[in-house]
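Counted from 1, the sequence shown has number 78 at position 78 by full-length UniProt numbering; the numbering is strictly sequential. Each residue gets a CB set at the ideal place from its N, CA and C atoms; glycine is no exception. Here is the structure we will look at, set down as structure tokens.
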Amino acid sequence: DPPNVMIDFERASMTAISKSFPVSNLSGCFFHLCQNVYRSITRLGLKTLYSENENFAQQIRSLPALGFLPAADVIPTFDE
1 DPPNVMIDFE RASMTAISKS FPVSNLSGCF FHLCQNVYRS ITRLGLKTLY
51 SENENFAQQI RSLPALGFLP AADVIPTFDE
């Protein structure tokens, strides 16, 4: 198994790769994470709010940075 595999946050590929390489460390591509956050804004009908409310937009743009934290720090940092 490869020691590290970078993926693009597609659920099907994440499942397939984790089954094929169970001991590999999976990490997601930061670009695709940001892209998925923005797609979620659109899907949830928040695109206008994102465009018009700078405070909301800044909070959303900060979300992908949580991916760089140790897992134990994600929730406390998000709550701040």
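For asparagine 53, the secondary structure class from DSSP, reduced to helix, strand or coil, is coil. Note on the stretch 17-63: whole beta strand (DSSP E) runs with a minimum of 3 residues are 25-28, in chain order.
With contacts defined by Cβ atoms closer than 8 Å, valine 37 and isoleucine 60 form a contacting pair. Exposure of isoleucine 75 is indicated by the presence of fewer than 16 other C-beta atoms within 10 angstroms of its C-beta.
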